[in-house]
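Asker: Structure incoming, see below.
Protein chains: 2
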Amino acid sequence: MRIGELSARTGTSRRLLRYYEERGLIASTRCANGYRDYDERLVDRVLQVRGLLDAGLPTRIIKQILPCLDKPRVIYFPDATPEMLATLEQERDRMTERVECLTRNRDAISEYLDAVKAYNGQR
Amino acid sequence: MRIGELSARTGTSRRLLRYYEERGLIASTRCANGYRDYDERLVDRVLQVRGLLDAGLPTRIIKQILPCLDKPRVIYFPDATPEMLATLEQERDRMTERVECLTRNRDAISEYLDAVKAYNGQR
DNA sequence: TCAAACCCTCACACATGTGTGAAGGTCAAA
DNA sequence: TTTGACCTTCACACATGTGTGAGGGTTTGA
């Protein structure tokens with residue numbers, strides 16, 4: 001599919017799709033006329049990238065972790081250098097911290113909202 | 001305490017502490033000589049702010065949700081306008097999405113790392 | 001054939017979080 | 001009294017994600 005369709009199907013501006021490509025997060029082939037041609041699977045990929053970006057991860061990190069996120073897990077490990085594995089472990093731990101922080105604070109907000117609801121319901 | 005101590009105890013640059021204050025995330029009083037004076041509780045507050053920032057929330061949102069995050073919950077609801085409650089609910093949902101996205105992807109990384117470990121252990 | 005709707009690259013612009021340094025005031029210890 | 005370690009404000013700078021538009025090619029349908 002071309003960039004317009006991918007843009008529509010992912011709710012992502014063409015500008016950003018080109019940016020993600022420039023950052024190595026998604027790939028495209030080129031038609032004879034120079035237009036980008038995207039694979040069907042890119043739809044999920046773009047959505048995943050956006051989720052991670054929204055969760056606060058920079059493209060630099062997303063690019064590093066994406067290879068381990070592919071659906072049919074590639075059992076091709078030799079490409080994982082020790083440095084890369086260390087980075088991955090570190091990033092996994094940072095993600096865990098984020099999850100905990102977010103969960104903790106979200107629960108506090110929930111409690112607050114519940115309390116307000118109870119207060120208003122009782123009046 | 002003065003800014004230097006708060007900086008040391010939170011691992012946050014003075015520059016950022018002033019920035020957080022400018023954004024209304026933390027407060028300080030002033031000594032006679034103009035120096036900022038921070039309350040002991042600011043240590044936790046700064047750490048919380050940093051956690052939320054690291055989790056991807058902008059200062060604008062953090063400022064809005066901080067009031068519901070105070071330890072001894074202030075049961076003083078009239079200040080919560082309907083618009084603010086709507087914002088809170090929306091932000092709570094966004095946080096939930098972030099948590100889910102992060103968890104999903106972190107688990108995938110974990111699986112990948114486990115697989116690599118098993119592969120290397122078996123050789 | 002011409003207009004509309006695509007696509008391309010390139011570049012400037014903006015908000016946000018953060019670093020760095022200048023120019024200068026305060027305070028404590030030597 | 002002077003030095004050094006603090007503090008102040010202000011301003012410029014940078015990376016990152018994202019918007020916008022210029023200048024120009026391609027494709028499709030009226």
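Sequence order for the protein chains is A and B. Using my numbering, the first residue of the first sequence is number 1, and each one after it goes up by one. Using my numbering, the first residue of the second sequence is number 1, and each one after it goes up by one. We treat Cβ as the ideally placed atom computed from N, Cα and C, and that holds for glycine.
#1: Grouping DSSP H, G and I as helix and E and B as strand, with all else coil, what is A/T59?
#2: Could you name the residues of the region 49-66 of chain B whose beta carbon sits closer than 7 Å to any beta carbon of chain A, in the order they occur along the chain?
#3: Based on DSSP bridge pairs, tell me the residues matched to A/T29.
#4: Contact between the region 58-66 of chain A and the region 17-31 of chain A is defined here as three or more beta-carbon pairs at a separation below 8 Å; is this criterion met?
#5: Could you check whether B/T10 and B/L47 sit closer than 8 Å to each other, using their CB atoms as the reference points?
#6: Verify the CB distance criterion: does B/L25 have a CB-CB separation below 8 Å to chain A?
#7: Compare the C-beta of A/V46 against all C-beta atoms of chain B and say whether one is closer than 8 Å.
#8: Keeping to the same chain, check which residues put their C-beta closer than 8 Å to that of B/L69; ignore five residues upstream and five downstream.
#9: In angstroms, rounded to a whole number, what distance separates the CA positions of A/R36 and A/L42?
#10: Just the C-alpha distance for B/A115 and B/R106, rounded to the nearest angstrom, thanks.
#11: So A/R14 and A/G4 are in contact, right, with Cβ under 8 Å, and what is the actual spacing, rounded?
#12: Consider the Cβ of A/Y35: report whether some Cβ of chain B lies at a distance smaller than 8 Å.
#13: Using only alpha-carbon positions, find the residue among B/R30, B/Y112, B/E111 that is nearest to B/M1.
#14: With distances taken between CB atoms, is the gap from B/L6 to A/L85 smaller than 8 Å?
#15: With 8 Å set as the bound, which would you pick, yes or no: does the beta-carbon of B/V116 sit closer than that to a beta-carbon of chain A?
#16: What did DSSP end up calling A/M95 once you bin it into helix, strand or coil?
Answerer: The answer reads as follows:
#1: helix
#2: G51, L52, D54, A55, G56, I65
#3: A/D37
#4: yes
#5: yes
#6: no
#7: no
#8: Q48
#9: 12 Å
#10: 14 Å
#11: 7 Å
#12: no
#13: B/R30
#14: no
#15: yes
#16: helix
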